[in-house]
Amino acid sequence: PWWLVPAALVLLGLGWWLGHKGLAKAAPQASIPVVPARPAAATGPEPYQAAGAEVVAPAPAETAPAAKDAIEPLGAAEQLAPQVLAKAVQPAETMPAATAPETALPRAALPKAALPKAVLPEAAPAKVAAPPAPQVARRILSPQAQADQHYQEGLLAFQQQQLLEAEGQWRQALELAPDKARVRLALAQLYEQQQQPDQALAVLAPLADLDPAVSLASAQLLVRQQQLDAAYGQLQRLTPASREGQQLKAELARLTGHLAEAEAQYQALLGQFPGDGRLWLALGLTLDAKGQPAQAAQAFGHAAQAPELSAEARQYALARQQSLGAAQ
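Numbering-wise (this note's numbering), the sequence shown opens with residue 16 and increments by one.
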């Protein structure tokens, strides 16, 4: 161990000094006590001190008798010193370098080939829950909107000749909105097509005096039923603003004997449509019925010159014009 190095050096110095060749064997040898080297403290080696400083040479008379015995320790020292020195100068044993403890590599650091291949069971297909049904916000329709919906469905059924379905849809529409004129007109047309004119008139009656279109439809239905007075009375209560309604009212006035009203109605219409030959022809007939042949012949003359009048109507107008003119 390293703490033997100072002791070996002390012994080597003593051996060299005591074994010097110049000393005579007869001369008295001083007994040199060997001071044992103080062991080094555990905390570190003491600094080297020369051993000669502590040697005290006694008087020759005191050491002479023991000279022979003192030589033997020198030989032992000479024999021991080379061994101690050789051991002291040997290189210290090199401590093996501390190696880090072997640490198992993490599983991720191993090569792929070293990893055991796990055999996993085949996964069953995951059960996917059915998505919830979409929440549809229901819009509450007003009675008018519901009536319109039934009206449209009734029209579709009527076009497909599903008359019972159409009637049911329109009846439901009238229950929701009794003032729907177009529903009443459609249902009246259905009843007239089914040869039920009374049903048709009953459907039109609630709005006949309130809605011009319903009033005209009622009058036309009455005309087809040969109820001219009723038809004229209907148009007197509510005359449509349309040309068709005013012209029907004038004609009904003439046919029912209300000639003054008929003349006034035709004059008003001719003011709006002066080139209409049918109006001139109707006015001529009205004036002729009133006993005004000259004005009637003049009206027939205008009718014969109208381009849109049919050939038969034109021939009739010319004939009446000539007849009234000859009579004058």
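All C-beta atoms in this analysis are idealised placements derived from N, C-alpha and C, irrespective of residue type, glycine included.
Helix, strand or coil: which one does DSSP assign to residue i?
| i | result |
| --- | --- |
| residue 301 | helix |
| residue 154 | coil |
| residue 333 | helix |
| residue 39 | Legend: pLDDT at residue 39 = 42, less than 50; position of this residue unreliable, value from coordinates given subsequently. Correct three-state label for residue 39: coil. |
| residue 288 | coil |
| residue 316 | helix |
| residue 322 | coil |
| residue 307 | coil |
| residue 340 | helix |
| residue 100 | The predicted model places residue 100 with a pLDDT of 42, which falls under 50 and marks its position as unreliable; any figure quoted below should be read in that light. Residue 100: helix per DSSP, three-state reduction. |
How many whole angstroms separate the CB atoms of residue i and residue j, which I take to be in contact at a CB cut-off of 8 angstroms?
| i | j | result |
| --- | --- | --- |
| residue 196 | residue 184 | That belief does not hold up - the Cβ atoms of residue 196 and residue 184 are roughly 16 angstroms apart, past 8 angstroms. |
| residue 292 | residue 321 | 3 angstroms |
| residue 191 | residue 167 | Not confirmed; about 13 angstroms, so no contact. |
| residue 229 | residue 199 | 6 angstroms |
| residue 236 | residue 207 | 7 angstroms |
| residue 289 | residue 260 | Not really, about 20 angstroms apart at Cβ, beyond 8 angstroms. |
| residue 205 | residue 182 | 6 angstroms |
Between which residues of its own chain and residue i is the CB-CB distance below 6 angstroms, once the five residues before and five after are set aside?
| i | result |
| --- | --- |
| residue 202 | 185, 218 |
| residue 212 | 240 |
| residue 305 | 274 |
| residue 329 | 319 |
| residue 252 | 224 |
| residue 180 | 172 |
| residue 165 | 184, 187, 188 |
| residue 159 | 192 |
Near residue i, which residues of its chain fall below 7 angstroms by C-beta distance, leaving aside the five closest residues on each side in sequence?
| i | result |
| --- | --- |
| residue 335 | 299, 315 |
| residue 277 | 265, 268, 269, 301 |
| residue 281 | 265, 294, 297, 298, 301 |
| residue 317 | 295 |
| residue 163 | none |
| residue 243 | 267, 270, 271 |
What residues in its chain sit with their C-beta under 8 angstroms from that of residue i, if we drop five residues either side in the sequence?
| i | result |
| --- | --- |
| residue 339 | 303, 308, 309, 311, 312, 315 |
| residue 324 | 292, 293, 296, 318, 332 |
| residue 279 | none |
| residue 284 | 258, 261, 262, 265, 291, 294 |
Is residue i close to the ligand NAP? I mean its beta-carbon at under 7 angstroms from any heavy atom of the ligand.
| i | result |
| --- | --- |
| residue 293 | Of ligands this structure carries none, so the ligand NAP is not represented either. |
Review point. Hey, which unbroken runs of the alpha helix (DSSP H) at 4 residues or more fall wholly within the region 143-228?
Key: Complete alpha helix (DSSP H) runs here, min 4: 158-174, 178-191, 196-208, 212-223.
Review point. Would the region 241-248 and the region 260-277 be scored as touching if the rule is three or more Cβ pairs under 8 angstroms?
Key: Inter-segment contact for the region 241-248 and the region 260-277 is present: three or more beta-carbon pairs are separated by less than 8 angstroms.
Point to revise | Contiguous alpha helix (DSSP H) assignments of at least 4 residues, all confined to the region 229-264 | key: Counting only runs of 4 or more, we get 243-252.
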